[in-house]
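A.B. asks:
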Amino acid sequence: MTPSSSIAAPGAAPGHEAHHEHGDHPSYLVDGTTVKSWLLTVDHKRIGIMYMFWVLLFFLVGGIFAMMIRLELLTPGPTIMDAMTYNRTFTLHGVVMIFLFMIPAIPAIFGNFMLPLMLGAKDVAFPRLNLLSLYVYLAGAGFALWGMLNGGLDTGWTFYTPYSAHTTTTVAPVLFGAFIIGFSSILTGMNFIVTAHTMRAPGITWFKMPLFVWALYATSCIQVLATPVIGLLLLLVSAENLFNLGMFDVARGGDPVLFQHLFWFYSHPAVYIMVLPAFGVMSEVVSTFSRKNIFGYRAVAYSSVGIAFVGFFAWGHHMFVSGQSTFDAGIFGALSMLVGVFTAIKVFNWVGTVYKGAVEFTTPFAYFCGFLFFTVFGGMTGIAVATVSLDVPWHDTYFVVAHFHFIMVGATIMAFLAALHYWFPKMFGKTYHEGWGLVSAALIILGFNATFIPQFLLGNAGMPRRYYEYPERFQALNVASTAGASLLAFGFVIIALYLVWALIYGKRVDNPWGSKGYEWLTASPPPTHNFVGPQPTYPEEPHFYVDPKKAEVSDAV
Amino acid sequence: MSDLANKLLFLPERASTFADRIDFLHYFVVGTTMVASAGVGLAALFMFFRYRRRVENQATEYVVPNLKTEFLFVSVPLVFFLAWFAIGFRDFTWFTTPPKDSMDVYVMGKQWMWKFSYPEGPNGVNVLHVPANRPVRLLITSRDVIHSFFVPSFRIKMDALPGRYTQAWFEATKPGTYQVLCTEYCGLSHSKMLAEVVVMAPEEYDNWIKEQRRGRLQDRQDALADNSLVPGTARMAEQGQKLAGTQGCLKCHSVDGSQHIGPTFLGMYDRLEHLQDGQNIRVDEAYITQSMMDPGAHIVAGYQNVMPTYQGKLQGPESAAIVEYIKSLRTANVREGASEGPAYDPIQ
Ligand code: HEM
Ligand SMILES: [Cu+2]
Chain A
234 MTPSSSIAAP GAAPGHEAHH EHGDHPSYLV DGTTVKSWLL TVDHKRIGIM
284 YMFWVLLFFL VGGIFAMMIR LELLTPGPTI MDAMTYNRTF TLHGVVMIFL
334 FMIPAIPAIF GNFMLPLMLG AKDVAFPRLN LLSLYVYLAG AGFALWGMLN
384 GGLDTGWTFY TPYSAHTTTT VAPVLFGAFI IGFSSILTGM NFIVTAHTMR
434 APGITWFKMP LFVWALYATS CIQVLATPVI GLLLLLVSAE NLFNLGMFDV
484 ARGGDPVLFQ HLFWFYSHPA VYIMVLPAFG VMSEVVSTFS RKNIFGYRAV
534 AYSSVGIAFV GFFAWGHHMF VSGQSTFDAG IFGALSMLVG VFTAIKVFNW
584 VGTVYKGAVE FTTPFAYFCG FLFFTVFGGM TGIAVATVSL DVPWHDTYFV
634 VAHFHFIMVG ATIMAFLAAL HYWFPKMFGK TYHEGWGLVS AALIILGFNA
684 TFIPQFLLGN AGMPRRYYEY PERFQALNVA STAGASLLAF GFVIIALYLV
734 WALIYGKRVD NPWGSKGYEW LTASPPPTHN FVGPQPTYPE EPHFYVDPKK
784 AEVSDAV
Chain B
48 MSDLANKLLF LPERASTFAD RIDFLHYFVV GTTMVASAGV GLAALFMFFR
98 YRRRVENQAT EYVVPNLKTE FLFVSVPLVF FLAWFAIGFR DFTWFTTPPK
148 DSMDVYVMGK QWMWKFSYPE GPNGVNVLHV PANRPVRLLI TSRDVIHSFF
198 VPSFRIKMDA LPGRYTQAWF EATKPGTYQV LCTEYCGLSH SKMLAEVVVM
248 APEEYDNWIK EQRRGRLQDR QDALADNSLV PGTARMAEQG QKLAGTQGCL
298 KCHSVDGSQH IGPTFLGMYD RLEHLQDGQN IRVDEAYITQ SMMDPGAHIV
348 AGYQNVMPTY QGKLQGPESA AIVEYIKSLR TANVREGASE GPAYDPIQ
């Protein structure tokens, strides 16, 4: 295929590819069954599935570390490991979860799979680059994990200097691994941006793009702009650690806080890299299961871009007590409030979507409910910590740990699971057992709250984060949190069991939700080139469930 | 009423003027958060029920918000957020502006202890004495990595940065003892980097400080003098400090003066040790090195022969670095004062 044909409008007749087709248009899953046909595929759907395999594996690794942390904190003193092991464990938990799970999870799996389908395209703009980004990700992951097994580092995933420049644990391979993973992130982001610009099918205007695409678009912009900063920073720290250059060493004219500025300049937008795709998924889910067009489509689309934009100007709120000037703290505090406003717009519009809808309470919708709670409560605690004076006692305590787990992890996990359940029939053409789905959703939402609400209170009580041992008075809340974490882990085990079962024995379905999202306009699972026969047309916006009898637009509320 | 709120929120006792201000805003923000989350949650639940699906493939109306609705969605949260910001920023400005008449104390974080020194008073390790109802300004720095000085009961926190001074201030309102914690991860024993603030009634404090000053060396160095900016040996000491952590020395030897399985490293260098066999020995480089390689050679009176040998485990430069580290923990003169903890001359 020549490059020009790969970015041709999908309306173009697919005739010249007839030699690929086998008459009955097999689905992407069975079109070539050799290992090589998977490993060397340029099909965005297969790449998405391969990402899914690895990302879930790393989620398991990160989860095991999480349970080790919680078990250690069951008692005030040493419980199951020594201090050094604990310090390495929480570092590995953070690094694996952030760089190997959260950042790629939704964009790399569901973005890869759905974005071309939602735009009526045959593939992403640069299919080979897409495959490359998977292998770059795996190479980075390999490097990082190798470093962790050979010594392991104890800096926390934030790698703050000067500690990370001096620790005797092996920092460099892990940082280098994260650096490599950054390239994968940039490649995927670029691919999505170009795809959204050049490969929309005729009829799909910018304001008829599904909101998941808008969210991915905003996310990709952040990835492309911010990732180079952390990449360079990680190299600087590795160099400092290996060759003792003195960049962060005051004794030689360096600046110990410089690192924090550069780090958060990436990592603050990075939390939106994690959470914006989650918002996108939820827009799709709420609209499908209430059979309603999105209330305030444009407001939701613009607020994604707005969050991506102001996300770059809020990093200083991680550093209120780092000796930055009072004036800086004020500016960063005020700008952070804007992120809260953009998120509030989304929340109100999601709830508004249900208004006059027709709600079916399915597993993905249950995750939407959990998501709503985590986003509102987690987001509000974000406003609380951005309130400059309140952050003084809360900074670097368990309050912050609970806050970011609620908004970042809670919202993202809810969206990840919602996406997994919502698109499972799309990806595999099979369905799972709804009863088990609802039971495990309830367990997970309960478990999550039981894990992290006690941590908010621990933060109030003054327990600092990254503590291997803690004063006796914090024990009761820690026990509660560990109990919650066990419930959470149990929920994940159930999901793994019934989804694997569904993969093998599940009932065949095509569009079980009756969804009018664009991605459902083709068969489930989709054929290799996404569409066979005439291209679908796109006369309406996605999720247009309007009753022809009431077709005139009502401008209610 | 606010006592009940504090219990429900697990907030520690309020013991400074800043704590009083913070807690008011805390209730306001947390209260609004709860009400807003509950409001959104209940509205959603109500709608899920009210608009449940009645027939398969039910069609719906096309509803879009008008401008007024979207304006409301933006302005209501914005008003609240800005109100909190305004109050919070006012209080933060207050917190970062110490009153002119406050008394100064220097605070130095160091893996893994807090050192306090008064411009013309004593030095102390891990115990800070302050008077109640008098503003105290803390000038905070670090000798090695970043630490963070946190007193939950005062609701104050400030990072300790190597090579820089940051400041924080507080005015304690109640005599008593309050915990200090380190909240910036700083290595192996981060969670043990605890200290206390002893708040005394003002006249009691005045007596205490007089007691501490009596018999001090006349021309003692300024408490500010700090070798951490000096390259060379200082870096070696830092190396040694890391090694002492990773090699497990600190499992048995404290660096804060407290006695543990082995003698403390603080002030060990140049000390006259009484040995089990009745002899005395002056601690010098040779003795420290010998103790690492052949721990049984000279047992200090009162301790067991339990230390493992580091022969072969430490290379020459590494053991030298540890020696240098122990030397850096030297104090000229350790005395017993009226204070609860030992008081030291400035570390040289
Ligand atoms: C089973 C669920 C989980 C539990 C029980 C759990 C528990 C914990 C605990 C106890 C800490 C240590 C806090 C500290 O001392 O600083 C922590 C830190 C952290 N967790 Fe989780 N976690 C879970 C899931 C996740 C997930 C899915 C992510 C994905 C991003 C995540 C990201 C983080 C991060 C970024 C940190 C901070 C690490 C650091 O401070 O170095 N966690 N988690
Ligand atoms: Cu510390």
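Top line first, the protein sequences correspond to chains A and B. For the first sequence, the residue numbers in our numbering are 234 to 790. For the second sequence, the residue numbers in our numbering are 48 to 395. Backbone N, C-alpha and C define an ideal beta-carbon position, used for all residues, glycine too.
1) Could you say which of A:297, A:268, A:293 and A:296 lies nearest to residue 283 of chain A if we only look at CA atoms?
2) Residues of chain B with CB closer than 7 Å to the CB of residue 197 of chain A, please, in chain order.
3) Where are the alpha helix (DSSP H) runs, 4 residues long or more, that stay fully inside the region 292-379 of chain B, in chain order?
4) Rounding to the nearest angstrom, what Cα-Cα distance links residue 643 of chain A and residue 365 of chain B in this structure?
5) In this structure, how does DSSP classify residue 194 of chain B when only helix, strand and coil are distinguished?
6) Taking the C-alpha atoms as reference points, what is the distance between residue 188 of chain B and residue 464 of chain A?
7) Note down, in chain order, each residue of its chain lying with its Cβ closer than 6 Å to the Cβ of residue 552 of chain A, except the 5 sequence neighbours on either side.
8) Mind the definition here: the region 645-657 of chain A touches the region 584-604 of chain A only if three or more C-beta pairs lie below 8 Å; say whether that holds.
9) So who's on the other strand from residue 602 of chain A, going by DSSP bridges?
10) Grouping DSSP H, G and I as helix and E and B as strand, with all else coil, what is residue 733 of chain A?
11) Suppose contacts are defined by Cβ-Cβ distances below 7 Å. Is residue 722 of chain A in contact with residue 300 of chain A by that definition?
12) Assuming residue 410 of chain A contacts residue 376 of chain A under a Cβ cut-off of 8 Å, what Cβ separation, rounded to an integer in Å, is found between them?
13) Mind listing the chain A neighbours of residue 327 of chain B? Cutoff is C-beta to C-beta under 7 Å, in chain order.
14) Just the chain B side, please: which residues come within less than 8 Å of residue 523 of chain A by C-beta, in chain order?
15) Under 8 Å between beta-carbons, which chain B residues line up against residue 405 of chain A? List them in chain order, please.
16) Given this structure, state the Cα-to-Cα distance separating residue 262 of chain B from residue 311 of chain A, to the nearest angstrom.
17) What residues of chain B sit near residue 855 of chain A, judged by a beta carbon separation below 7 Å?
18) What are the boundary residues of the alpha helix (DSSP H) that residue 341 of chain A is part of?
19) Measuring only between beta-carbons, confirm whether residue 278 of chain B sits less than 7 Å from chain A.
20) Determine the closest residue to residue 663 of chain A out of A:757, A:729, A:634 and A:637, with distance taken between C-alpha atoms.
21) Can you list, in chain order, the residues of the region 270-304 of chain A whose Cβ is nearer than 7 Å to any Cβ on chain B?
22) At 7 Å on the CB atoms, spell out the chain A contacts of residue 348 of chain B, in chain order.
23) Distance cutoff 7 Å, beta carbons only. Does residue 593 of chain A sit that close to anything in chain B?
24) Please identify, using Cβ separations under 8 Å, the residues of the region 541-575 of chain A that lie next to chain B, in order along the chain.
25) Residue 170 of chain B versus chain A: which residues are under 9 Å apart at the beta carbon?
26) Measure the alpha-carbon distance for residue 65 of chain B versus residue 373 of chain B and round it to whole angstroms.
27) In three-state terms, what does DSSP make of residue 236 of chain B?
28) For residue 428 of chain A, I'd like the list of residues in its chain whose CB is within less than 7 Å of its CB, leaving aside the five on either flank, ordered along the chain.
29) Rounded to whole angstroms, how far is the Cβ of residue 516 of chain A from the Cβ of residue 98 of chain B, which I believe are closer than 8 Å?
30) Taking buried to mean at least 16 other C-beta atoms within 10 Å of its own C-beta, is residue 246 of chain A buried or exposed?
31) Between residue 628 of chain A and chain B, is there a C-beta pair that is closer than 7 Å?
32) Using 10 angstroms around the beta-carbon of residue 50 of chain B, count the other beta-carbons present and answer buried if the total reaches 16, otherwise exposed.
33) Taking 7 Å as the CB-CB limit, is residue 238 of chain A close to chain B?
34) Any beta-carbon of chain B closer than 7 Å to the one on residue 384 of chain A?
35) Would DSSP call residue 286 of chain B helix, strand or coil?
36) Which residues in the same chain as residue 780 of chain A place their Cβ atom closer than 6 Å to its Cβ, once the five residues preceding and following it in sequence are excluded?
C.D. replies: Reading off the structure:
1) A:268
2) Outside the displayed span of chain A (234 to 790) sits residue 197 of chain A, for which this structure offers no information.
3) Entirely contained in the region 292-379 of chain B, the alpha helix (DSSP H) runs reaching 4 residues are, in chain order, 296-299, 332-340 and 363-375.
4) 46 Å
5) strand
6) 30 Å
7) 493
8) With the cut-off at 8 Å, the region 645-657 of chain A and the region 584-604 of chain A touch.
9) Paired residue(s): none; residue 602 of chain A is not in a bridge.
10) helix
11) yes
12) 4 Å
13) None at all; the shortest Cβ gap to chain A is about 35 Å.
14) 98 and 107
15) By Cβ distance, chain B contributes nothing, its closest Cβ being about 16 Å from residue 405 of chain A, past 8 Å.
16) Here residue 262 of chain B scores only 42 on pLDDT, less than 50, and its place in the model is too uncertain to base an answer on.
17) There is simply no residue 855 of chain A to check, as chain A begins at 234 and stops at 790 in what is shown.
18) No alpha helix (DSSP H) holds residue 341 of chain A; DSSP gives it neither H nor E.
19) Because the pLDDT of residue 278 of chain B is 37, which lies under 50, any placement of that residue in the model is unreliable, and the number read from its coordinates should be weighed accordingly. Closer than 7 Å to some Cβ of chain A, the Cβ of residue 278 of chain B qualifies, so yes.
20) A:757
21) none
22) Those do not exist, as residue 348 of chain B stays about 30 Å from chain A at its closest Cβ, beyond 7 Å.
23) yes
24) 553, 554, 555, 556, 559, 562, 563, 566, 567, 570, 573 and 574
25) Result: empty, since nearest Cβ-Cβ is about 23 Å, beyond 9 Å.
26) Going by the C-alpha atoms only, they are around 39 Å apart.
27) coil
28) Closer than 7 Å at the Cβ level, and outside the excluded window around residue 428 of chain A, lie 348, 349, 352, 354, 357 and 358.
29) 18 Å between Cβ atoms; not a contact.
30) Here the model assigns residue 246 of chain A a pLDDT of 39, short of 50, so the residue's position is not dependable, and the following value carries that caveat. Classified as exposed, residue 246 of chain A has fewer than 16 neighbouring CB atoms from the shown chains inside 10 Å of its CB.
31) yes
32) By the neighbour-count rule (16 or more Cβ atoms within 10 Å), residue 50 of chain B is not buried but exposed.
33) Note on residue 238 of chain A: pLDDT 35, under 50, position unreliable in the model; no value is reported.
34) no
35) In the structure shown, residue 286 of chain B sits in a helix (DSSP, three-state: H, G or I).
36) Result list for residue 780 of chain A: empty, nothing under 6 Å.
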